[in-house]
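Below you'll find the structure, written out as structure tokens, and then a few comments.
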Amino acid sequence: TGALVKRYDFGTFTESTDMWSRIDGELLLLTFLPGLLFKDAYNLDVHLFIKSFGQIMIMAFPMVLAGTVLMALVAKIILPYGWSFNLCMTF
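Residues in the sequence shown are numbered from 87 upward in steps of one, following the working numbering.
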């Protein structure tokens with residue numbers, strides 16, 4: 087669609103696409119993410135969450151930690167920036 091928008095003038099569609107493409111990604115996250123998280127947290131079944139909390143701590147928490155460490159190692163080894171491991175952990 088990007089090639090079509092650049093080549094042909096679609097009026098309002100072109101203006102809207104240009105406006106959305108100039109918005110910073112962090113602004114979109116800071117605007118929409120809190121509302122989406124609140125909606126999901128408000129509709130959460132508390133009984134089901136408490137019942138599955140043990141499984142969450144056994145499976146999800148270690149895997150997120152392992153994924154973070156592996157991503158930090160990839161960033162430290164592959165990227166040519168000379169970052170420390172602590173900085174790579176924030177990546």
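Just so it is clear, CB atoms sit at the ideal spot from N, CA and C, and this is done for glycine as well. Just so it is clear, the structure is predicted and the values come from calculations on it, not from any experiment.
Asked                                                                                                                : Found
With residue 140 as the anchor, note down where its alpha helix (DSSP H) starts and where it stops.                  : 132–141
How about the region 154–168 and the region 134–146: do they share at least three Cβ pairs that are nearer than 8 Å? : no
Of the choices 111, 175, 139, whose alpha-carbon is the least far from that of residue 152?                          : 175
If you draw a straight line from the C-alpha of residue 134 to the C-alpha of residue 122, how long is it?           : 20 Å
Identify the continuous alpha helix (DSSP H) that holds residue 170 and give its terminal residues.                  : Where residue 170 is concerned, there is no enclosing alpha helix (DSSP H), given that its DSSP letter is neither H nor E.
With DSSP collapsed to three states, give me the class of residue 163.                                               : helix
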